[in-house]
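J.:
Chains as they are written, first to last, in the numbering used here: chain A, -14 to 354; chain B, 109 to 730.
1. Give the residues from the segment 299 to 315 of chain A that approach chain B closer than 8 Å (Cβ to any Cβ), ordered along the chain.
2. Please classify residue 116 of chain A as buried or exposed, where buried requires at least 16 other C-beta atoms within 10 Å of its C-beta.
3. Who are the near neighbours of residue 180 of chain B in its chain, counting only those whose CB is closer than 8 Å to its CB and skipping five residues on each side?
4. Looking only at its own chain, which residues have a Cβ that is under 6 Å from the Cβ of residue 391 of chain B, when we skip the five neighbours before and after it?
5. Tell me, please, which residues DSSP counts as bridged to residue 578 of chain B.
6. Give the C-beta separation of residue 565 of chain B and residue 680 of chain B to the nearest angstrom, bearing in mind that I take them to be a contact with Cβ-Cβ under 8 Å.
7. Taking 6 Å as the limit between beta carbons, can you name the residues of its chain near residue 6 of chain A, skipping five residues before and five after?
8. In its own chain, which residues sit with a C-beta less than 7 Å from the C-beta of residue 145 of chain A, not counting the 5 before and 5 after it?
9. Taking the beta strand (DSSP E) that residue 189 of chain B falls in, what are its first and last residues?
10. Which residues in the same chain have their Cβ closer than 7 Å to the Cβ of residue 159 of chain B, if we skip the five residues on either side of it in sequence?
11. Under the three-state reduction of DSSP, which class applies to residue 111 of chain B: helix, strand or coil?
12. Mind listing, in chain order, the continuous beta strand (DSSP E) runs of no fewer than 3 residues lying wholly within the segment 446 to 508 of chain B?
13. Kindly say whether residue 222 of chain A, judged by its beta-carbon, lies nearer than 8 Å to any beta-carbon of chain E.
14. Excluding the five sequence neighbours on either side, which residues of its own chain have a C-beta within less than 6 Å of the C-beta of residue 524 of chain B, listed in chain order?
15. Tell me which residues share the same chain as residue 68 of chain A and place their Cβ nearer than 8 Å to its Cβ, disregarding the 5 neighbours each side in the sequence.
16. Mapping DSSP to helix, strand and coil, what is residue 387 of chain B?
17. Which residues in the same chain as residue 456 of chain B place their Cβ atom closer than 6 Å to its Cβ, once the five residues preceding and following it in sequence are excluded?
18. Starting from the C-beta of residue 312 of chain A, find all residues in its chain whose C-beta is less than 6 Å away, skip the five residues before and the five after it, and write them out in chain order.
19. When you compare the CB of residue 352 of chain A with every CB in chain B, is at least one pair closer than 8 Å?
20. Residues of chain B with a CB under 8 Å from the CB of residue 273 of chain A: which are they?
21. Please give the ranges of any alpha helix (DSSP H) in the segment 310 to 361 of chain B, keeping only runs that are unbroken, at least 4 residues long and fully inside the region.
22. With DSSP as the reference, label residue 133 of chain A as helix, strand or coil.
23. Is the Cβ of residue 269 of chain A closer than 8 Å to any Cβ of chain B?
24. Indicate whether the contact test is met: 3 or more Cβ pairs, each with one atom in the segment 430 to 438 of chain B and one in the segment 629 to 644 of chain B, closer than 8 Å.
25. Nearest to residue 633 of chain B by CA position, among B:673, B:615, B:616, is which residue?
26. May I have the straight-line CA-CA distance separating residue 619 of chain B from residue 176 of chain B, to the nearest angstrom?
27. Determine the closest residue to residue 707 of chain B out of B:503, B:537, B:366, with distance taken between C-alpha atoms.
28. Output, in chain order, the set of chain A residues within a Cβ distance shorter than 9 Å of residue 155 of chain B.
29. Is it buried or exposed, residue 32 of chain A, if we count other Cβ atoms within 10 angstroms and call 16 or more buried?
30. With DSSP run on the structure shown, which of helix, strand or coil describes residue 267 of chain B?
31. Check whether the Cβ of residue 151 of chain B lies closer than 8 Å to any Cβ atom in chain A.
32. Report the residues of the segment 524 to 552 of chain B with a CB closer than 9 Å to any CB of chain A, ordered along the chain.
33. Quick check: the Cα distance between residue 578 of chain B and residue 320 of chain B, rounded to an integer number of angstroms?
34. Can you give me the C-alpha to C-alpha distance between residue 340 of chain B and residue 323 of chain B, rounded to a whole angstrom?
35. At a CB-CB cut-off below 8 Å, which residues of chain A make contact with residue 144 of chain B?
36. Distance, Cα to Cα, residue 128 of chain B vs residue 135 of chain B?
Next up, the structure:
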């Protein structure tokens, strides 16, 4: 089954970039687990990394047109999983985001990102077929109601969990893709208007404590004990790293537990404190390379489905990296978004690696047809 | 393999698009890099200093919990300051001398301090650990004197719940408990931390979000020995709202005094609006007990008490209504026009159905009697006959009309719904058909039928006020800490009992006869100045042979005794329901209890009126 060209054309640079970032991520998690925070999350992360790699190869072996063929079904299956979370999800940290299989907690919203990208790719591919390139000056809003619904369903369900960070990522991926598909500028502004219109309606359905949580996300001084404190401590952690950093395992902010959620949302602060500006810029460059590489894959792909998928995945990685690091350096408000390859978490690690698998898949098969 | 597809889309300006996106990406990362440069190089030294002696501490500011106040303004649940000694493990000097000093200040031994420090989470070396709670003044002063020798030791003042009247009204007020792990994970308790207290029953529980207030916080900078240097930022706590109850504390205390030593429930309610003036469940408990350190033995004694002091019998106790239920059957029969008030029915000593014999409580029977007489003397056979003619479905329909079989919606948690049986219920519950004989026992309020005292209070209120079922309630209004009223609870009619005024009048007159006729079962409640109407009831615990003396029956098997009454009968303003568990006949103990309650209530009222007249007189003289 496996074409020889698949091996010769395998995207080794992207694969190595992935491995390098993952290894740095695990090493950094090792450092966070050396502090007062007991537990060996880095070991668990290694397991997740291995599972993710297996998934990456599995995804790579399946021709990506298979995903296009079953695109809506995949979307529907993950939609059902999200619904299950809505009704029977397990609760932790005051949110209902997880499904439990045996002892393993799993967050369907992570993989739903990919399902949405695939469904959008299938939709746009089909569209171009019908339109025969008539839409030279881009899509109008009325042409986009299907993709709009495809994005809106998961966003609503995830906001209800509540998981503001993931919902925002969904929205940004969607907007990036329709931008890529060339939406008319006027239509784009109308779309932004519609989204703004929906915000108060959704707001109305939230309970008081959920509203207060979201308000605190945007205005940390509402909560000087929780988030406001985190932001200050994260800034101190990053800043005290200086040019060269305090050295591996020598970060004081994280070791003395000044830094909350240091293995998930604020994982970059730990890295920055220990490796300084040099290390941080290096990681930024690696991420930047990865994303530009992803954009070039989208550019090289010969069919529209491949283009949308590659672009969608790249935009997903881009937004997660920018929002997470922006959060850690207090450029952006704190919304819980994991940093790919760095943040601890099974669902996000496996999802990221599957996404890379899809990228390699698109890249490798660009010559086949 | 999948079918080959020709490339369809060839972006005319693919290159330009990707250059645009690459540009966006590079600019975004450039800004991130710039930010890092700013934080790590330009502000680097400053941040390094901050990190090296990171002396920013967080302190939670606990709000005053809202007060629970009776209708006259007396505080039933308040707060008193409580001092506790805490240690910040990272700032504390873990030396033998340090331990000895603090042990001497607090009158505890060194082992206990070490045990407490060890049990604290290692994850949070800056989170204060409680060493001793409820310090007295001497201990506080001692710590303050040795301040400079005790780095990392803090005295924290926090409000503590205080119940000035102890066991009085405890079932209404409720009690507090510490939040548990399970609750901490729930949405509703977001913002709570382990070690926080929350209401567990009564008003404390149902008004938890109202009473709690908002936790504040303070970021402070401390020096090397943990002394506060300056406040960096602060959000003040907002005290909880006060809850003003409909409870009339003097009446409540009086009833508790009257009811002392008995087991059961008493409710005094205003039938004109559903305001509960008193709610007594006996035996009672002291809600302050949860704040004290009590030994496991004492605790087990409370929990395992066979008389369940924590149970609020007024809303959780479910009992057969006994003859009280005859009122419902009578109303149903009048409405269905099965009888007229004057029609006489022959009532022998027994009612025979098939081969079953149903006895009347009175040997020899009553002979020819009408509805009024049947209610006054609580004739069983009369109601067997009515029940037989009505059938169980009609009986159930009217019982529900009077609010039985469902929760009244009272504003404290834990209410039970009681039970109104019918054919459908029995099929579902036992998978058995309904037997006629069960209709007969049901028509005098025995058998499957179960009611709670609060349902009876609601039922008799409806009879007293002309048929309106109000939601019984304990909260009168809610005030902010500065006295501004945020919510006023108005009478909430849940429905109107569709029995005509004339028919209700017939029943009311009969109930007046129950108390005031020399042969009435409730004659012991007869009062000189106020006209009282009421009904007795006896709820069978087990069927007992007729000739046995009450005193020979074991306490646990004796019947429960009911008495429900309203006064003044012409224009009722107080309904009293008394239930005495294993109290024998409703006409004895409960009727006497009700009489004492009415006596106190109306005596006090006329006293107040007298005073008013006197004041007016004085004013007129001037």
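Here a beta-carbon is modelled for each residue, glycine too, at the ideal position from N, C-alpha and C.
T.: Quick look at the numbers:
1. Along the segment 299 to 315 of chain A, the positions whose C-beta sits under 8 Å from a C-beta of chain B are 303, 307, 310, 311, 314, read in chain order.
2. Sequence index remark: in the first chain, residue 116 of chain A carries index 131 (1-based). Here the model assigns residue 116 of chain A a pLDDT of 47, short of 50, so the residue's position is not dependable, and the following value carries that caveat. When all chains shown are included, residue 116 of chain A counts as exposed.
3. Indexing the second chain from 1 puts residue 180 of chain B at position 72. Around residue 180 of chain B: 356, 357, 358.
4. Position 283 of the second chain, counted from the first residue, corresponds to residue 391 of chain B. Taken in chain order, the residues that qualify are 415, 417.
5. Start at 1 with the first residue of the second chain, and residue 578 of chain B comes out as number 470. Answer is B:601.
6. Numbered from its first residue, the second chain carries residue 565 of chain B at position 457. Numbered from its first residue, the second chain carries residue 680 of chain B at position 572. With 8 Å as the limit, residue 565 of chain B and residue 680 of chain B do not qualify as a contact, their Cβ atoms being about 12 Å apart.
7. The sequence position of residue 6 of chain A within the first chain is 21, counting from 1. Counting only Cβ-Cβ distances below 6 Å, and skipping sequence neighbours, we find 271, 326.
8. Start at 1 with the first residue of the first chain, and residue 145 of chain A comes out as number 160. Correct list, in chain order: 71.
9. Here residue 189 of chain B is taken as the residue at index 81 of the second chain, counted from 1. Looking at the DSSP string, the run of the beta strand (DSSP E) that includes residue 189 of chain B is 183 to 195.
10. By one-based count along the second chain, residue 159 of chain B stands at place 51. Hits under 7 Å: none found.
11. Position 3 of the second chain, counted from the first residue, corresponds to residue 111 of chain B. Annotation note: pLDDT 40 at residue 111 of chain B (below 50); position unreliable, coordinate value reported separately. Here residue 111 of chain B sits in coil by DSSP.
12. 453 to 455, 458 to 461, 464 to 467, 475 to 477
13. Absent from the structure is chain E; the protein chains it does hold are A and B.
14. If you number the second chain from 1, residue 524 of chain B lands on position 416. For residue 524 of chain B, where only same-chain residues beyond five positions count, the Cβ hits under 6 Å are 424, 426, 560.
15. Locating residue 68 of chain A in the first chain gives position 83, counting from the first residue. In its chain, beyond the 5 residues on either side, 142 have a beta carbon closer than 8 Å to the beta carbon of residue 68 of chain A.
16. The residue labelled residue 387 of chain B in the question sits at position 279 within the second chain. Reduced to three states, the DSSP call for residue 387 of chain B is strand.
17. Here residue 456 of chain B refers to the residue found at position 348 when the second chain is read from its first residue. Cβ neighbours of residue 456 of chain B beyond the five flanking positions: 473.
18. For the purposes of this step, residue 312 of chain A is taken as residue 327 along the first chain, with counting starting at 1. Only residues of its own chain outside the window of five on either side were considered, and among them 319 have a CB closer than 6 Å to the CB of residue 312 of chain A, listed in chain order.
19. Here the question's residue 352 of chain A lines up with position 367 in the first chain. Not closer than 8 Å to any Cβ of chain B, the Cβ of residue 352 of chain A fails to qualify, so no.
20. Stepping through the first chain from its first residue, residue 273 of chain A is reached at position 288. The answer, in chain order, is 133, 134, 137.
21. 310 to 314, 316 to 320
22. As a working note, residue 133 of chain A is residue 148 in the first chain. Three-state result, residue 133 of chain A: helix.
23. Here residue 269 of chain A corresponds to residue number 284 of the first chain, with the count starting at 1. Contact of residue 269 of chain A with chain B is assigned, a C-beta pair being separated by under 8 Å.
24. A contact exists between the segment 430 to 438 of chain B and the segment 629 to 644 of chain B.
25. Here residue 633 of chain B is taken as the residue at index 525 of the second chain, counted from 1. The residue with the shortest Cα to Cα distance from residue 633 of chain B is B:673.
26. To locate residue 619 of chain B, count along the second chain from 1; it is residue 511. To locate residue 176 of chain B, count along the second chain from 1; it is residue 68. In a straight line, the C-alpha of residue 619 of chain B is about 37 Å away from that of residue 176 of chain B.
27. Stepping through the second chain from its first residue, residue 707 of chain B is reached at position 599. Among B:503, B:537, B:366, the Cα nearest to that of residue 707 of chain B belongs to B:366.
28. Numbered from 1 along the second chain, position 47 holds the residue referred to as residue 155 of chain B. Ordered by position in chain A, the residues that pass the 9 Å Cβ test against residue 155 of chain B are 220, 221, 222, 223, 224, 225, 226, 227.
29. By 1-based counting over the first chain, the position of residue 32 of chain A is 47. When all chains shown are included, residue 32 of chain A counts as exposed.
30. Locating residue 267 of chain B in the second chain gives position 159, counting from the first residue. Note: residue 267 of chain B maps to strand in three-state DSSP.
31. Position 43 of the second chain holds residue 151 of chain B. Closer than 8 Å: yes.
32. none
33. What you label residue 578 of chain B is simply residue 470 of the second chain in a count that begins at 1. What you label residue 320 of chain B is simply residue 212 of the second chain in a count that begins at 1. Each residue's alpha carbon lies about 29 Å from the other.
34. Taking the second chain and counting its residues from 1, one reaches residue 340 of chain B at position 232. Taking the second chain and counting its residues from 1, one reaches residue 323 of chain B at position 215. Roughly 17 Å between the two C-alpha positions.
35. Taking the first residue of the second chain as position 1, residue 144 of chain B is located at position 36. By Cβ distance, chain A contributes 223, 257, 262, 265, 266, 269, 314.
36. If you number the second chain from 1, residue 128 of chain B lands on position 20. If you number the second chain from 1, residue 135 of chain B lands on position 27. Residue 128 of chain B and residue 135 of chain B have their C-alpha atoms some 11 Å from each other.
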